[in-house]
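Scroll down for the structure; my scribbles are underneath it.
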Amino acid sequence: MIMCTLDVETLVGEEHPARLFWGFLERVDLSEFAAGVRSREGTAGRPGTDPRLLIAIWLYAYSRGIGSAREVSRQMEWEPGFRWLAAMEVINHHTLSDFRVAHQAALERLFGEVLGLFEHEGWIRLERVMQDGTKIRAQCGASSFRGRESLERHLERAREHVRRVSASSEEEPRRQRARERGAREREERIEQALEQWRRLKETKQQDKKSYQPKVSLTEPEARIMKTSEGGLVPCYNVQVSTDAGHGLIVDTAVTTEVNDHHQLVGAMERVEERFRRRPGQVVADGDYTTNRSVVAMAQRGIDFYGSWSRAAGRGGWRSHQAPEFRKEAFRYHADGDRYECPAGKFLDFSGRQVQANGTVQRFYRSPTEQCRGCEHYAECVRGKTRRGRVVTHQEVIVEVEQFRRKMETAEAQRIYRQRSEVAEFPFAWFKSFFRLRRFHVRGRAKAGMEALWVSLTFNLLRYFQLQRQRMTPAAA
Ligand code: SF4
């Protein structure tokens with residue numbers, strides 16, 4: 014055993030990330046984090062931990078790929094960066110984990126304030142923003158997903174357990190309160206799961222009767238999603254908007270949507286709210302490129318670059334139909350807004366339908382009697398229907414046509430090719446360097462906070478790198 018004196022300042026160098034995080038936090042207002050601290054100088058009781066220290070510890074922890082509060086607390090005993098930050102003190106893991114999820118509004122404001130500083134210094138211009146999403150695993154396992162009957166059985170058992178725990182009184186008061194709280198929380202979680210089950214059932218548009226959703230008993234908001242690794246696992250969908258200029262994240266959100274079809278408008282609205290202006294351009298992949306998002310971006314004056322899938326709407330039963338009775342064989346008459354069939358009869362306009370992706374379908378129907386009396390009835394009219402032939406026609410959307418033409422140009426393709434490099438870079442950091450392949454917290458709101466912590470860590474590390482490059486241009 015060696016006893017020696019140690020100058021804490023020498024534990025880390027001038028450019029050590031712990032020191033950089035700590036120094037940066039001097040520039041921002043953290044008073045909102047301190048609002049809940051009850052300990053006051055000069056009064057009795059244990060002193061509270063400085064929020065600036067806790068924020069710096071979490072930023073430094075994520076930068077080292079540590080998301081477990083227990084592991085952070087353990088490393089505070091020996092790791093130089095943590096020891097320098099906390100001046101050789103060790104902070105209890107309960108304090109660390111509670112702090113991480115206790116200040117949602119303050120954390121969002123801190124994220125916004127840091128972005129404001131970057132914008133002021135010219136690192137963010139919003140000329141071009143890349144939008145992308147990734148699936149990050151939820152805490153729960155796939156085996157915790159249950160149907161309605163199973164959820165109801167579990168709820169009944171949880172209520173019974175609450176009654177039993179409340180009636181028992183042999184425990185010491187503190188343990189009794191803890192047991193009651195635990196039992197009530199489980200009951201509430203299962204009630205939430207049943208509520209989620211009802212919502213999912215209601216949102217289903219087609220096959221509503223046969224659709225039987227399953228919801229996790231332990232994390233009701235998590236959804237089974239297809240991941241880039243190929244598996245179907247309980248996840249949240251993390252949406253990130255990245256400024257293409259210097260690769261800084263300008264927005265982060267966590268959703269329970271299994272795909273990205275409806276995420277672009279919300280992301281652009283959040284960016285606009287934060288910066289009080291809209292991005293000049295936005296680039297997103299085919300998952301975001303729908304009629305609805307193309308029109309919405311055009312209406313907002315945002316120049317949208319995406320990937321259009323021409324395969325949508327192809328195939329189906331028509332591909333098995335004789336070519337002389339497929340839709341292409343029906344002639345459209347614009348003057349009367351009707352189709353003429355191969356037998357020389359007319360199909361009049363019967364209605365239009367707006368679909369979820371913003372596409373508008375127009376329906377043209379031949380009268381039932383007209384088709385039944387036709388010699389081509391069996392070849393022309395689908396399956397067992399006893400009604401007349403229907404032909405659909407997709408309405409032309411001006412904005413979509415302009416978008417299609419633009420995306421055929423070499424310049425648009427050049428801009429689109431930058432997408433993966435910029436948009437997927439933060440996710441590579443999240444998963445490889447910060448090791449965030451599974452959230453360390455439960456529930457969408459807390460997962461959203463953890464996504465904010467890693468986005469803030471990413472932005473600050475990127476900012477330190479940019480500053481170094483500015484000071485030593487030769488190294489850039
Ligand atoms: S079945 Fe109806 S739509 Fe088809 S060719 Fe005959 S009349 Fe025309």
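Quick note on numbering: the sequence shown equals residues 14 to 489 in the working numbering. Backbone N, C-alpha and C define an ideal beta-carbon position, used for all residues, glycine too.
* To do: Please report the residue range of the beta strand (DSSP E) in which Asp145 lies.
  => The residue given as residue 145 occupies position 132 in the sequence shown. Note, Asp145: beta strand (DSSP E), Arg141 to Arg150.
* Asked: Cα separation between Trp330 and Gln294?
  -> As a working note, residue 330 is residue 317 in the sequence shown. As a working note, residue 294 is residue 281 in the sequence shown. Low confidence applies here, because Trp330 scores a pLDDT of 45, under 50, leaving its location unreliable and the question unanswered by this model.
* Where are the alpha helix (DSSP H) runs, 4 residues long or more, that stay fully inside the segment 355-414, in chain order? -> 381-385 and 390-393
* Continuous alpha helix (DSSP H) stretch holding Gln276: start and end -> For the purposes of this step, residue 276 is identified with residue 263 of the sequence shown, where counting begins at 1. Premise fails: Gln276 is in no alpha helix (DSSP H) and is neither H nor E.
* Confirm, please, whether the CB-CB distance from Gln117 to Ser254 is below 7 angstroms. => The residue given as residue 254 occupies position 241 in the sequence shown. The residue given as residue 117 occupies position 104 in the sequence shown. No, the pair does not count as a contact, with Cβ atoms beyond the cut-off.
* What residue range is occupied by the uninterrupted beta strand (DSSP E) comprising Ile68? -> Taking the sequence shown and counting its residues from 1, the one referred to as residue 68 is at position 55. Segment Pro64 to Ser76 is the alpha helix (DSSP H) holding Ile68; no beta strand (DSSP E) there.
* What are the partner residues of Arg236, as DSSP defines its beta bridges? -> The residue labelled residue 236 in the question sits at position 223 within the sequence shown. Arg236 is bridged to Cys248.
* Report the residue from Val175, Ser445, Thr265 and Ala99 whose alpha carbon sits nearest the alpha carbon of Met281. => Locating residue 281 in the sequence shown gives position 268, where the first residue counts as 1. Nearest option by C-alpha distance: Thr265.
* To do: Would you tell me roughly how many angstroms separate the C-alpha atoms of Gly26 and Ser320, rounded to the nearest one?
  => Here residue 26 corresponds to residue number 13 of the sequence shown, with the count starting at 1. Here residue 320 corresponds to residue number 307 of the sequence shown, with the count starting at 1. The alpha-carbon atoms of Gly26 and Ser320 are separated by roughly 47 angstroms.
* Asked: From which residue to which residue does the beta strand (DSSP E) around His346 run?
  -> Your numbering for residue 346 matches position 333 in the sequence shown. Per DSSP, His346 belongs to the beta strand (DSSP E) from Arg344 to His346.
* **Span of the beta strand (DSSP E), counted from its first residue to its last, around Asp264** => In the sequence shown, the residue the question calls residue 264 occupies position 251. Segment Leu261 to Thr268, the beta strand (DSSP E) holding Asp264.
* Asked: My guess is that Val404 and Phe443 are in contact by the Cβ rule of under 8 angstroms, so how many angstroms apart are they, rounded?
  -> Here residue 404 refers to the residue found at position 391 when the sequence shown is read from its first residue. Here residue 443 refers to the residue found at position 430 when the sequence shown is read from its first residue. Contact flag wrong, Cβ pair sits at about 48 angstroms.
* How about Arg301 and Ala425: do their beta carbons lie closer than 7 angstroms? -> What you label residue 301 is simply residue 288 of the sequence shown in a count that begins at 1. What you label residue 425 is simply residue 412 of the sequence shown in a count that begins at 1. It is Tyr, not Arg, that sits at residue 301 in the sequence shown. Contact: no.
* Would you identify the three-state DSSP class for Arg212, choosing helix, strand or coil? => The residue you call residue 212 lines up with position 199 of the sequence shown. Helix, per DSSP.
* Own chain partners of Met101 with C-beta closer than 7 angstroms, once the 5 adjacent residues on each side are dropped -> Position 88 of the sequence shown, counted from the start, is the residue given in the question as residue 101. Val21, listed in sequence order.
* **Beta carbon nearer than 7 angstroms to a non-hydrogen atom of the ligand SF4** => In chain order, the residues that have a beta carbon nearer than 7 angstroms to some heavy atom of the ligand SF4 are Phe338, Cys354, Pro355, Ala356, Lys358, Leu360, Ser379, Gln383, Cys384, Cys387, His389, Tyr390, Cys393, Val394, Gly401 and Arg402.
* To do: State the CB to CB distance for the pair Lys227 and Phe158, rounded to an integer number of angstroms; the pair is presumed to be in contact (CB under 8 angstroms).
  => Position 214 of the sequence shown, counting from 1, holds the residue named residue 227. Position 145 of the sequence shown, counting from 1, holds the residue named residue 158. At roughly 4 angstroms, the Cβ-Cβ gap stays under 8 angstroms, so Lys227 and Phe158 are in contact.
* Can you give me the start and stop residues for the alpha helix (DSSP H) that Asp515 sits inside? => A question about residue 515 goes unanswered here, because the residues of the chain that appear run from 14 up to 489.
* Could you name the residues that DSSP lists as bridge partners for Thr255? => Stepping through the sequence shown from its first residue, residue 255 is reached at position 242. DSSP, once it has assigned bridges, lists Met143 and Ile262 as partnering Thr255.
* To do: Check each candidate in Glu45, Arg170 and Gly94 and name the one with the smallest Cα separation from Phe34.
  => Residue 34 sits at position 21 when you count from the first residue of the sequence shown. Among Glu45, Arg170 and Gly94, the Cα nearest to that of Phe34 is on Gly94.
* Asked: Is it buried or exposed for Tyr249, if we count other Cβ within 10 angstroms and need 16 for buried?
  -> In the sequence shown, the residue the question calls residue 249 occupies position 236. By the neighbour-count criterion, in which 16 or more other beta carbons inside 10 Å mark a residue as buried, Tyr249 falls on the buried side.
* **When Gly146, Met420 and Gly129 are compared against Val307, the one with the closest alpha-carbon** => Taking the sequence shown and counting its residues from 1, the one referred to as residue 307 is at position 294. Comparing Cα-Cα distances from Val307 to each of Gly146, Met420 and Gly129, the minimum goes to Met420.
* Grouping DSSP H, G and I as helix and E and B as strand, with all else coil, what is Arg161? -> Here residue 161 corresponds to residue number 148 of the sequence shown, with the count starting at 1. In the three-state reduction of the DSSP assignment, Arg161 falls in the helix class.
* Leu245 and Ala206: beta carbons closer than 7 angstroms? -> In the sequence shown, the residue the question calls residue 245 occupies position 232. In the sequence shown, the residue the question calls residue 206 occupies position 193. No, these two residues do not count as a Cβ contact at 7 angstroms.
* Asked: What is the rounded straight-line gap between the Cα of Arg192 and the Cα of Arg138?
  -> For the purposes of this step, residue 192 is taken as residue 179 along the sequence shown, with counting starting at 1. For the purposes of this step, residue 138 is taken as residue 125 along the sequence shown, with counting starting at 1. Distance between the alpha carbons of Arg192 and Arg138: 53 angstroms.
* Asked: What span of residues does the alpha helix (DSSP H) with Asp316 cover, start to end?
  -> In the sequence shown, the residue the question calls residue 316 occupies position 303. Per DSSP, Asp316 lies in no alpha helix (DSSP H); the unbroken beta strand (DSSP E) holding it starts and ends at Asp316 to Tyr318.
* Opening and closing residue of the alpha helix (DSSP H) in which Tyr513 lies -> With the chain covering 14 to 489 only, the question about residue 513 has no answer from this structure.
* Spatially closest choice to Asp197 from Ser179, Gln209 and Arg211, by CA coordinates -> Translated into positions along the sequence shown, residue 197 becomes position 184. Position check: residue 197 holds Arg in this sequence, whereas Asp was assumed. Nearest C-alpha to Arg197: Ser179.
* Asked: For Val228, which beta-bridge partners are listed by DSSP?
  -> Indexing the sequence shown from 1 puts residue 228 at position 215. DSSP, once it has assigned bridges, lists Arg159 as partnering Val228.
* Would you report the Cα separation of Ala324 and Gln225, rounded to the nearest angstrom? -> Counting from 1 along the sequence shown, the entry for residue 324 is found at position 311. Counting from 1 along the sequence shown, the entry for residue 225 is found at position 212. The predicted model places Ala324 with a pLDDT of 42, which falls under 50 and marks its position as unreliable, so this point remains unresolved.
* If you drop the 5 nearest sequence neighbours on each side, which residues of the same chain put their C-beta closer than 7 angstroms to that of Gly328? -> To locate residue 328, count along the sequence shown from 1; it is residue 315. In this prediction, Gly328 scores a pLDDT of 40, lower than 50, which makes its location untrustworthy; the coordinate-derived value is nonetheless stated afterwards. Here the set comprises nothing.
* Contact set for His453: own chain, Cβ-Cβ below 7 angstroms, skip 5 residues either direction -> Taking the sequence shown and counting its residues from 1, the one referred to as residue 453 is at position 440. Here the set comprises Gly80, Ser81 and Glu463.
* **C-alpha distance - Asp111 paired with Glu92, whole-angstrom precision** => Here residue 111 corresponds to residue number 98 of the sequence shown, with the count starting at 1. Here residue 92 corresponds to residue number 79 of the sequence shown, with the count starting at 1. Using only the alpha carbons, I get a separation of about 22 angstroms.
* **Ala309 versus Gln152: straight-line alpha-carbon distance, rounded** => Along the sequence shown, one-based indexing puts residue 309 at 296. Along the sequence shown, one-based indexing puts residue 152 at 139. Going from the Cα of Ala309 to the Cα of Gln152 covers about 35 angstroms.
* Segments of 4+ residues assigned as alpha helix (DSSP H) that fall wholly inside the segment 79-114 -> 82-88 and 93-98
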